[in-house]
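Residue numbers (my numbering): -14 to 330.
If you want it as C-alpha cells, here you go:
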C-alpha cells in the first residue's frame, strides 16, 4: 500500500466531474486551486469554504464556492455529490488554542465525516493531506514512507492529525475508501499566515529578540511543490494506495536565518537561547495563556517547543522518483516570502 503527466485529453477527463477541495482558502489550498484552475476548467474545481473566509482570489479564479465546513455532515454530503475526487486539506494547524477540543472536532471528526461523505458519493480518489509531524519522534536518520509513526508526537495538532490518519486508513481497509496520503514538511512561501510565515515576518521586521532552537533540524518545502505533488497525484491513474512525504531541505534555524538575511538584508538576532530555557519559558507562557485565553508571545507554546526540540527529519525523495516531482530550492520560497512582506509593508 505503502516527465509531467498532463496532456489536454487527460486534463479534460480529470475535470469531467468536479474535484472537491476542502481547506481551499488555506495556504496550500490557494496554491493548489491556482494550479488546477490554470490546468483546466476552473468551474470544475469545487471549494468548500467556511463563512467569513476570504474568498476574493477564489472568486476571481472562477471556481465553484460552496459555504460550509468539515464539521457539518449535511453540508459535506451535499458538496461531495457528483465529485470524482476529493482533496482533504482542511485542518486546524496551530500549536495553541484556548479551547483544545477544537483540534479533535476538525482534525479527527472533520476528517471522519469528509471521508464518509466521499464514500457515499462514490468518489474515485480521496487524497488526504497529513503532515510529517505524525511521525513524531526525533531521529538521526531521516524517516521515509516505510517508517512507523511514533511513539511520541509532540503537539495536539500532530496527535489529532495522526488520529485522523488512522481513521481514513481504517476506512480504506474496511469501507473501500479510495485513499492516497501526502505528508508535507514545514511549508514555506509567499503569504503564509501560519507559524513559518510569522517567523520570517518577525525576523524581517526585527520583532524577534533572540534565536530559539538554533541547531534543531526541520524538513522544509516550497508551498508550490506541495500543490504540484497534489496535482500530480490527482492525475495519476493508479493513485489509490500511494503515500508520499513531500520535503526538500533539512535545515537548522541557523540556516533558515541565513536565507532570510540574504533575502532581506536584515540580520537575525545575535542572542541564542538554550533549548532548556526555551522549553521552560514555553511551558510558563502556555500556562499563562491557558488562564488568560491569549496566545503565547511569539507563538512560543509548549507544543511548539516540544516540536522544535524534537526536530523533524524526513526523506521526501520517493515522490521525485515515482512521479518526477522536481523540488524548488527553499531559498526561492524564502525570497518569495520576504518579497511579499516588502510588497505588503
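Even glycine gets a Cβ: it sits at the ideal position worked out from N, Cα and C.
What you are looking at is a predicted structure, and each value in this text was computed from that prediction instead of being measured.
| query | result |
| --- | --- |
| Can you look up residue 236 in the DSSP assignment and give me helix, strand or coil? | strand |
| Where do the N-terminal and C-terminal ends of the beta strand (DSSP E) with residue 49 fall, by residue? | 49 to 52 |
| For residue 6 and residue 206, what's the separation of their Cα atoms in angstroms? | 21 Å |
| For the region 88 to 98 against the region 11 to 29, do three or more pairs of beta-carbon atoms, one drawn from each stretch, fall closer than 8 Å, so that the two count as touching? | no |
| Pull up the CB-CB distance for residue 117 and residue 230, whole angstroms please, since I reckon it's below 8 Å. | 6 Å |
| Whole angstroms are fine: how far does the CA of residue 56 sit from the CA of residue 305? | 34 Å |
| Mind checking whether residue 331 and residue 130 have CB atoms under 9 Å apart? | No information on residue 331 is available, as it lies outside the stretch -14 to 330 that the chain covers here. |
| My understanding is that residue 147 touches residue 134, with C-beta atoms under 8 Å, so please give their C-beta distance in whole angstroms. | 6 Å |
| To the nearest angstrom, how far is the alpha carbon of residue 167 from that of residue 157? | 15 Å |
| Using CA atoms only, rank isn't needed, just tell me which of 232, 328, 213, 212 is closest to residue 300. | 232 |
| Check whether the Cβ atoms of residue 43 and residue 9 sit closer than 9 Å, and answer yes or no. | yes |
| Starting from residue 204, trace the alpha helix (DSSP H) in both directions and tell me its first and last residue. | First-last for residue 204: 202 to 207, but that is the beta strand (DSSP E), not the alpha helix (DSSP H). |
| Taking the alpha-carbon positions, what's the residue 359 to residue 13 distance? | With the chain covering -14 to 330 only, the question about residue 359 has no answer from this structure. |
| Mark residue 161 as exposed unless 16 or more other C-beta atoms lie within 10 angstroms of its C-beta, in which case mark it buried. | exposed |
| Between which two residues does the beta strand (DSSP E) harbouring residue 78 extend? | Note, residue 78: premise wrong, no beta strand (DSSP E); not H, not E. |
| Between which two residues does the beta strand (DSSP E) carrying residue 155 extend? | Taken as a continuous stretch (DSSP letters only), residue 155 belongs to no beta strand (DSSP E), being part of the alpha helix (DSSP H) at 141 to 160. |
| Can you list, in chain order, the stretches of the alpha helix (DSSP H) that have 4 or more residues and sit fully within the region 18 to 42? | none |
| How about residue 53 and residue 35: are their beta carbons less than 9 Å apart? | yes |
| If you compare alpha carbons, which of 292, 250, 183 is closest to residue 264? | 292 |
| Identify the continuous beta strand (DSSP E) that holds residue 190 and give its terminal residues. | Here residue 190 belongs to no beta strand (DSSP E), and DSSP marks it neither H nor E. |
| Alpha carbon to alpha carbon, what distance is there between residue 186 and residue 261? | 25 Å |
| Roughly how many whole angstroms lie between the Cα atoms of residue 38 and residue 49? | 15 Å |
| Do residue 197 and residue 17 have their CB atoms nearer than 9 Å? | no |
| Runs of 4 residues minimum, wholly inside the region 259 to 323: which ones carry the alpha helix (DSSP H) assignment? | 260 to 277, 287 to 295, 303 to 308 |
| Taking C-beta to C-beta, are residue 323 and residue 80 nearer than 9 Å? | no |
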